[in-house]
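Here the protein sequences come in this chain order: A and B.
If you count by this note's numbering, then the first sequence holds residues 1059 to 1272, one letter each, in order.
If you count by this note's numbering, then the second sequence holds residues 194 to 744, one letter each, in order.
Where is the CB? At the ideal position from N, CA and C, for every residue including glycine.
In what follows, a structure is listed as structure tokens, so that the remarks can point back to it.
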Amino acid sequence: MAKRATILKVSGLSRAFGPNTIFDKFNLEVRTGEAIALTGRNGAGKSTLLRCLVGADRPDDGSVEVCGNPMAETSPEIRRDVATVIDDLDFFPDLSVVEHLDLLARAHGIADPDEVVDEVLEEVQLVPQSGQLPGTLSSGQRRRLALATAFVRPRKLLILDEPEQRLDTEGVGWLAQRLKSERQKGLAIVFASHEPELVDSVATRVIQLGAPRG
Amino acid sequence: MSSLEAGADDFAFEQPPEPEPLTPASPRELKRLVKDWRAGRATRNVLQAMSDAYVAVFAAVMIGAMVVNVILKAQRTVAECTSPTCLSARALLPWTAFAATIAVALAVSRLFGPVLASAAEGFWLLDAPISRSQLLRSRLVGAIAAAFFGGAVIGGLIAALSGSGLTEVLVWAGATALSAAASVAFAAAQQGIERHRLTRFATYLFGVLAVGALFSVVGVAAGWFSLGISDNLGIELGVIMIAASVLVLLISAVLAGLRLGQIRRTRLLSGGALVSGISGAFYALDIGLARDIVVERRAIERGHVHPKRGKGLGLEALIWREWQRLWRFPQPLLVLAATIVVPYAADALGMSVLTPVLAALALFGATIPLLNGLRVLTRTGGLARCLPFSLARIKLASIAVPAILAGLWAAATTPAYLGFGDGAVERPVPQAALTAIATAAAGLLAAVRWTQAKGVDFGAPMVASQAGAFPPGLVTNLFRGFDVCIITTAPLLLGLSPWWSLGIAGIAAAILLNSMDAETLRARQAEQQKQLEAQRKARAGAAAAGKQRKR
């Protein structure tokens, strides 16, 4: 059996806002085919940790390595390997849903992106909205488009912040199946979630952040 | 029978008594009530507020007096000029202002409504069983009045600054004011029946007329043709415009008034939401955000497009998408084409020395809408993170199309720098071409700087002032872009070689288009600080261990 490669290595990560320590000396190692679920009450630091992992926020101490490269948000290698869905995703106001996905696929070098774009569009149930501009989408549809941006491109590590947000029950079921299948194909996943169904069916390891509600 | 129907049959209820018919409040009563509440919360009256802000009032009066004095002086000086250029400007610039004011009034009216209501009014007042048209009438009157006064100022100012006499100034101020008011009333009448095609057509028509009038000024100055319009004819035409505007104003205002009750709440509230969003952005002096709101609103209005397949791979795909997006919303191209006239007009009007600065400023304004892609990719970082390129390469790809267009703009404006109107600065062809390129670079880079501007960081250390503490970025944000324009064209203004300007543009490009933005620099600085701290600790640890060994 081949040894699973380490995709994400977090060593001694600390972050504090003033006197409030969000996490201190946090360590984590994620290998291919592993899915780590971060759980915990609101304000426990899940989103802050994920923002530090993707380079959107700077930790006070510690290091993050992706496939052996130190994390730098501006590094093209990191951007190639890590697909993220966190709250700061923006859209071109004048590009349609399908054009966003086509652009991302082409930018990542997929020569004939139609097949993968159509497949993902079908999966996230945005086919009827494929020609719509993002400003006209509902919040749930925008979330689906954000998720689609992660699935339409090559990736080694998937980082998702509460991906179930604003999805309906059917959508959460689909997401759980999709993430499970991605993990089984060898993708490393780190996600924060409040949805037990998603955590139970996808995660190989659950990390509880912060003190449980007393 | 379904279970639901069976349940309905089984459900017993008591017929409620018919409610007593109530008399709803009139819109005037409701407005008075809201006004009373607002007045009740006020802690000082207008006079007290003005006496508190006496420094600001005094400064406004002083600056106002100085502005009026400057305008009067300029008017007297220009009025003495009798060259063909001055005469053509005097005859045609009021027409340019007239047509441009109508185009702007129509465009702004279509964007905001022009009749609009705030979200609170929509929730609390528009749902009440009252006459909506009575409630909204004051809004319509207010919009028309605002357009009237704005138009009067613009029309009067342009006529005065082109050297017209008092009668002409009054005629053109009246004509421009009434035409602006008529435009708003016309747009409101169209809003009542939810049709905007005519308003849009009229916007483009008057925009083209304005540019055409400006071209005519250039043509007369260059001696391509003569107009042969006497001063009296100008006044007579102005009076005819007044009569036509009054007619359109009256008919449109009556129609708009009759249709006020038909405007849907969603339409009224979207205009209100746009105003509140933009005013919020302006409150923080975040003009980029204000523009984002308008761009988003336009895209929502369009709603749906025919998707187009992309082309190329990697960065090429990004550049192709820029082209496609530009063809989808081509209005910025028209504006860019219209700005070609600016250096010619400035030269023709005898402002040869200022031509590069004015042209760069015009290109700066026209290029901002071409950089929507760069704006989206740099404002949050979320989308750029999805692309497998460094920020510097993303920026380069995003500005490739605008840079090509700026290059074409430079080629089209080169003849303007050869020496055009009376007493213009004459340059040999290579120098004129270099001047045009430097000017285009200044406009493009200024737009890049403006587009990449981040919102004001209210978490940063504040600066103390007489008006209270404020973040330093609040003021510098206002000058973003203008600074690049002025600094890059300063050598041309001082009569130095255009190579100086190109050198400055090169430095500006290296700073603006490199991924070494302020945030990255701060991150690197923090990282270096951390490493230094770690080395210091290690040295201190080694020293302590050495001391222990000696003991």
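Take G465 (chain B) as the anchor and find which of B:L265, B:A313, B:A731 and B:G688 has the nearest alpha-carbon. B:A313
So, R1201 (chain A) versus R1236 (chain A), is the Cβ gap smaller than 8 Å? Their beta carbons are not under 8 Å apart, which means R1201 (chain A) does not touch R1236 (chain A) by this criterion.
Give a yes or no on whether the C-beta atoms belonging to A449 (chain B) and G385 (chain B) are separated by under 8 Å. yes
I need the DSSP call for E429 (chain B), collapsed to helix, strand or coil. helix
Per DSSP, cross-strand counterpart(s) of A1246 (chain A): A:L1215
Helix, strand or coil at K1083 (chain A) [DSSP, three-state]: If DSSP states are grouped into helix, strand and coil, K1083 (chain A) belongs with the strands.
Assign L197 (chain B) to buried or exposed, taking buried as 16 or more other Cβ atoms, counted over all protein chains shown, within 10 Å of its Cβ. Residue confidence for L197 (chain B) is low, a pLDDT of 48 falling below 50, so the modelled location carries little weight; the figure read from the coordinates is stated next. The residue in question, L197 (chain B), is exposed, as its Cβ has fewer than 16 Cβ neighbours within 10 Å.
Of all Cβ atoms in chain B, is any one closer than 8 Å to the Cβ of A1114 (chain A)? Yes, A1114 (chain A) counts as interfacial toward chain B.
Does the beta carbon of S1188 (chain A) sit closer than 8 Å to a beta carbon anywhere in chain B? Output row for S1188 (chain A): interface = yes.
Chain B residues whose Cβ lies nearer than 9 Å to that of S1121 (chain A): Chain B residues near S1121 (chain A): none, gap ~10 Å exceeds 9 Å.
Give a yes or no on whether 8 Å exceeds the smallest Cβ distance from N707 (chain B) to chain A. So no, N707 (chain B) is outside the interface.
Please name the residue in B:G335, B:S419, B:A662 and B:P536 whose C-alpha comes closest to that of P549 (chain B). B:P536
Between the Cα of P581 (chain B) and those of B:V668, B:A406, B:E509 and B:V254, spot the shortest distance and give me the residue it belongs to. B:E509
Considering only the beta carbon of each residue, do A381 (chain B) and P307 (chain B) sit closer than 8 Å? yes
Chain-ordered neighbours of R583 (chain B) on chain A, where CB pairs are closer than 9 Å: It is worth fixing the name first, because residue 583 (chain B) is Ser in this sequence and not Arg. Those are T1132, S1133, P1134 and R1137, listed as they occur along chain A.
Proximity test, S409 (chain B) beta-carbon vs the ligand NAP heavy atom, cut-off 7 Å: Annotation note on the ligand NAP: not contained in the displayed structure, which lists no ligands.
Look at the Cβ atom of L442 (chain B), then the Cβ atom of A378 (chain B), and state whether they are nearer than 8 Å. yes
Of all the residues that make up the stretch 481-498 of chain B, which are near chain A by a beta-carbon distance shorter than 7 Å? V488, E489, A492, I493, R495, G496, H497 and V498
From B:V301, B:R458 and B:T289, residue whose alpha carbon lies closest to that of F399 (chain B): Restricting attention to B:V301, B:R458 and B:T289, the CA atom closest to the CA of F399 (chain B) is found in B:T289.
Delimiting residues of the beta strand (DSSP E) encompassing F582 (chain B): First-last for F582 (chain B): undefined, no H or E at that position.
Reduced DSSP secondary structure (H/G/I, E/B, other) of M194 (chain B): Bear in mind that the predicted position of M194 (chain B) carries a pLDDT of just 44, short of 50, making it too unreliable to give a figure here.
Would you please verify whether the beta carbon of R1164 (chain A) is less than 8 Å from any beta carbon of chain B? yes
Kindly indicate which residue of B:T669, B:F557, B:F672 and B:G648 has the alpha-carbon position closest to the one of A639 (chain B). B:F557
Among B:Q383, B:G343, B:G358 and B:T360, which residue has its Cα nearest to the Cα of T369 (chain B)? Nearest of B:Q383, B:G343, B:G358 and B:T360 to T369 (chain B), Cα basis: B:G343.
Note down, in chain order, all residues in the stretch 569-602 of chain B with a beta-carbon under 7 Å from any beta-carbon belonging to chain A. V569, R572, T573, G574, G575, L576, R578, C579, L580, P581, F582, S583 and L584
Classify S244 (chain B) as helix, strand or coil using the three-state DSSP reduction. helix
Of all the options B:T632, B:L482, B:W520 and B:L576, which has the alpha carbon lying nearest to the alpha carbon of I533 (chain B)? B:T632
In the DSSP assignment, find the unbroken alpha helix (DSSP H) run with I347 (chain B) in it and report its ends. R325 to L354
Which same chain residues end up closer than 6 Å to V1185 (chain A) when comparing Cβ atoms and leaving out the 5 residues on each side of it in sequence? L1179
How about A599 (chain B) and G636 (chain B): are their beta carbons less than 8 Å apart? yes
Using only the alpha-carbon positions, how far apart do S1072 (chain A) and L526 (chain B) sit? 50 Å
Would you report the Cα separation of A625 (chain B) and A604 (chain B), rounded to the nearest angstrom? A604 (chain B) has its alpha-carbon roughly 10 Å from the corresponding atom of A625 (chain B).
Rounded to whole angstroms, what is the Cα-Cα separation between A310 (chain B) and I1265 (chain A)? 49 Å
P1128 (chain A), DSSP secondary structure in three states: strand
Under a three-way DSSP split, which group does E1123 (chain A) fall into? In the structure shown, E1123 (chain A) falls within a strand segment according to DSSP collapsed to helix, strand and coil.
Any idea what DSSP makes of T278 (chain B), helix, strand or coil? helix
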